[in-house]
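Chains as they are written, first to last, in full-length UniProt numbering: chain A, 1 to 327; chain B, 1 to 764. By construction, the Cβ of each residue, glycine as well, lies at the ideal position given by its N, Cα and C atoms.
This is how it looks when you write it as structure tokens:
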């Protein structure tokens, strides 16, 4: 961990101009930044502390959308009654993430920007080759220890899994990431690694996430987040699914369905093929099972992570059945 | 504060006696932050050392360029093999005499990734860390063997001394009507104590003070004395509290030598704390093991032969044995038996002791195999164990001192509700959850080393107990207070216990589950001697109120002395001490046999393990026993395994404090759940690096993974095992947990997983 200068921004404008300077990183909850600085991945020259900025930690909800301030803590959002009522998948994703201590510190904006758990990415002293840290240097994970790596969205440059849970739920419900005045759909916010895995999101230099908004919908109201892992708590997902569903007046026709997956892809993974296959059909187990297999269309495994290709459709299927059965 | 304030304050009066459920008397200091752990000291002028580790697993260091690091801010020294002061070799824990060659804790020849090759000492930890990253190391790399599964590793070297054989095992197996043969594997597992290893070393002339968590103060102090060529008495090692060791904090390690040497070279106190990542390479955990077990049996499930061949990995430079035949050879009666073991050198740090070394993986093999036999012949898994019950030690051919294993099966099965089990695998289900019941037994030997203790009765009527022995959470402070309180006859809150300092009376290693028995034995003896002297004083001293009674003896109870013939209120101990003008009564006692009661053997007894008696020295075979009953829930689609409930029945003989013994059992059981389902050191075969070298990726159980654990004590006092009747406690609980879970997973799913951990990818 090398020395850095510390700036405490008094206003958003001050933070914005500081953030535009080179080798600068923002500090909010610190749960990711401090961790990455300790393992030598984050080496900022300047840290801009935005944790105390006013007006960025609220949760507002009206008939149309929920707007969550970027500095709202994970635990605060998870227990918000309106979020629980209108977007249960978001609350459940937050509750199942990290540990109580981390949830009490970490902010929503920082949560979106958390970096991968790829062990090669996090060990620069031993593995200098990592295209995410050092573009063009190669990828140690492709032929290394990769049980937790992505089977979807990978490239020959990177197969690191996007680790978060919240972003998966946000992706299912077409959330918008507010970068000041600019708003980017969350599915466009996260980038596929392609040849440049170091570019993880669509933020421009000097931009700061100020809020996230999520449109309200019947599917968001009837939603769930299912996370599967070997350890019951405090582990990243082997596979997860955020699912929301709207049934027609007959109580069995799927009029709307939203599905996104986590733990298996290089970014939060919207499963539109499954949605398309089920929208307009009757809620029926065999059809759901069949359609859920589309979630891993095009998946490529690297040996140890093969099980995710079997696992992910089962997680989708279970989540759909669970939320469809819940009255 | 230096020595802990450990007066007991809570609980009922009855809890204070031996056998009472007194809460840990060091607990309040720990939960209020008053307990001072080794690395929390700040001697004047202290500086910080950070290790530089090898990035390759095999080869040699060609050169080290320390120029940039030496010029970095705050740097005082970049220590390499070329500039380090020489260190002498030391006698090891088996009393092997030291070689004449110097001891070099910084390596030139590399045999594993993460080996210490240099150290940077700077004014601050951050400066040392930053400078350590600037040290450039040039290597000549050689091919490495990543682990037991590496094809280059081969079969390893046979260890003839581990061979156990009787009868004609192979002949009987060939003729057996039922034969089963399977291989069982356990991965590398790590101790990962929450308190990392580390120390603060301070020299004053040729006197050395070390603050360091230690399971064996005297053993480590001797090593330090010999390494740095100073008298043993010149080393003061302080370890009043230990934040977990599980076998890994018993011996002096390379980083200790490096820090002490740096302090000597700089003339300033040096602190060195290994990083979390280095807790995977600065010392070893349990080595990976594999074992093939062949069982021959009659059609009704009676064993006729057991043939076992096993191997564990070890380092390139040293042989560490994880004895795989230790449970196999004593759990069941069989007329024919063969167990052989190899060690396989690979490029790893030398493996070490991790809770129940040997017994743990040994039980995984035989307790899964006997379960497989039960299904093969169609007998209930509990029944097959009783059918093959060993009435005496089948290996040593000696009677058990006590073996309450039948009682354990009965009590455990009853409390668990084993009779509700449907025999067929995959036949119990609730929604998406496949339900499985599993059972497995475990055992741990009773080891015995003589002990020593000092007991003082002070002028105010309070009592002090002193030993260099340690409390790593198992409850030494508490049970010694109970022992002294009961032996002398004072309330337990009148007893103060001092531990963990080499200036106190000697103690052997707190390991092998021997310590509680030997130290309570020594304290009991010393306390009775102090009490006798107190009574003698009260009877004979001209100023004693009992002088005129002409009594042969007196009663000491609840801190009050009285005469058996006199029904008066009695006189407090403090008053007797005051009237007779005594400031203290002091008794230092050991439990050494006569032939060891000389200076040289006394020292050897406490600084090596050469006087430790094996469980079969003497007329009996001494062991603790346990049975675990487990219900697992396996998700039919995901393969995730959750332990829904567990009942364990254990025979550790007499319990000095049931509350603390139960805690130790449960701690072992929780570790066993982790071993069964989560723990595995994952190595990158290309460079031998442990990839999950942190607590985010090396998974140990969280509270959410642990159901309510019911433990039942079925032991009775065993005075063959120890003076006060206890047997082994600390390492017993983990033994048998992993096979019980594996057996339950088979019952739930019909899938037999023979390599730990049982992760979801093995079940889908």
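query                                                                                                                                                                                   : result
Assuming residue 34 of chain A and residue 9 of chain A make a contact with CB atoms under 8 Å, what is their CB distance in whole Å?                                                   : About 18 Å; that fails the 8 Å criterion.
Between the segment 749-761 of chain B and the segment 633-644 of chain B, are three or more C-beta pairs nearer than 8 Å?                                                              : yes
Enumerate in chain order the residues of its own chain whose CB-to-CB distance from residue 62 of chain B is below 7 Å, with the five nearest sequence positions on each side excluded. : 138, 139, 140
Do you know how far the Cα of residue 74 of chain A is from the Cα of residue 101 of chain A?                                                                                           : 10 Å
Among B:418, B:269, B:734, whose alpha-carbon lies nearest the alpha-carbon of residue 124 of chain B?                                                                                  : B:269
Report yes or no: is there a C-beta of chain A within less than 7 Å of the C-beta of residue 691 of chain B?                                                                            : yes
Identify whether residue 720 of chain B lies in helix, strand or coil by the three-state DSSP scheme.                                                                                   : coil
Applying the 10 Å Cβ sphere with the 16-neighbour rule, what's the burial state of residue 5 of chain B?                                                                                : A caution first: residue 5 of chain B carries a pLDDT of 45, below 50, which makes its placement in the model too unreliable to give a value.
So, residue 98 of chain B versus residue 90 of chain B, is the Cβ gap smaller than 7 Å?                                                                                                 : yes
As an exercise, report each continuous beta strand (DSSP E) stretch of at least 3 residues that is fully enclosed by the segment 321-357 of chain B, in chain order.                    : 337-345
Just list the residues that DSSP pairs residue 627 of chain B with in beta bridges.                                                                                                     : B:441, B:649
Expressed to the nearest angstrom, what Euclidean distance is found between the alpha-carbon atoms of residue 534 of chain B and residue 550 of chain B?                                : 16 Å
Does the segment 146-159 of chain A come close enough to the segment 242-259 of chain A that 3 or more CB-CB pairs lie under 8 Å?                                                       : no
Closer than 7 Å, CB to CB, is residue 165 of chain A near chain B or not?                                                                                                               : no
Listing by chain order, which chain B residues have their CB less than 9 Å from the CB of residue 234 of chain A?                                                                       : 696, 699, 702, 704
What are the residues that DSSP puts in a beta bridge with residue 227 of chain B?                                                                                                      : DSSP, once it has assigned bridges, lists no residue as partnering residue 227 of chain B.
Is the number of C-beta pairs between the segment 255-271 of chain B and the segment 189-200 of chain B that are closer than 8 Å three or more?                                         : yes
Just to confirm, is the Cβ distance from residue 400 of chain B to residue 219 of chain B under 7 Å?                                                                                    : no
Which residues in the same chain have their Cβ closer than 6 Å to the Cβ of residue 338 of chain B, if we skip the five residues on either side of it in sequence?                      : 165, 169, 307
In angstroms with no decimal places, state the Cα-to-Cα distance between residue 240 of chain A and residue 170 of chain A.                                                             : 13 Å
What separation, rounded to the nearest whole angstrom, lies between the Cα atoms of residue 411 of chain B and residue 49 of chain B?                                                  : 53 Å
I need the DSSP call for residue 216 of chain B, collapsed to helix, strand or coil.                                                                                                    : coil
Using a Cβ cut-off of 7 Å (strictly closer), state whether residue 764 of chain B contacts chain A.                                                                                     : yes
At least one CB of chain B closer than 7 Å to the CB of residue 136 of chain A: is that the case?                                                                                       : no
Suppose you measure from the CA of residue 483 of chain B to the CA of residue 695 of chain B; what does that come to, to the nearest Å?                                                : 38 Å
Would a C-beta distance cut-off of 7 Å place residue 560 of chain B and residue 572 of chain B closer than the cut-off?                                                                 : yes
Can you list, in chain order, the stretches of the beta strand (DSSP E) that have 3 or more residues and sit fully within the segment 561-599 of chain B?                               : 584-590
Tell me the residue span of the alpha helix (DSSP H) that contains residue 151 of chain A.                                                                                              : Careful: residue 151 of chain A lies outside any alpha helix (DSSP H) and carries neither H nor E.
Could you name the residues that DSSP lists as bridge partners for residue 635 of chain B?                                                                                              : B:433
Within the 7 Å Cβ cut-off, does residue 629 of chain B reach chain C?                                                                                                                   : Note that chain C does not occur in the displayed structure, where the protein chains are A and B.
Taking the alpha carbon of residue 12 of chain A as the point to measure from, which residue in A:207, A:160, A:92 has its own alpha carbon closest?                                    : A:207
For residue 358 of chain B and residue 322 of chain B, which I take to be in contact (beta-carbon distance under 8 Å), what is that distance rounded to the nearest angstrom?           : 6 Å
Quick one: what's residue 182 of chain A bridged to in DSSP?                                                                                                                            : A:179
Please confirm whether residue 171 of chain A has its beta-carbon closer than 7 Å to some beta-carbon of chain B.                                                                       : no
Under 7 Å between the Cβ atoms of residue 632 of chain B and residue 436 of chain B?                                                                                                    : yes
Please list, in chain order, the residues of the segment 127-151 of chain A that have any C-beta partner in chain B closer than 7 Å.                                                    : 144, 145
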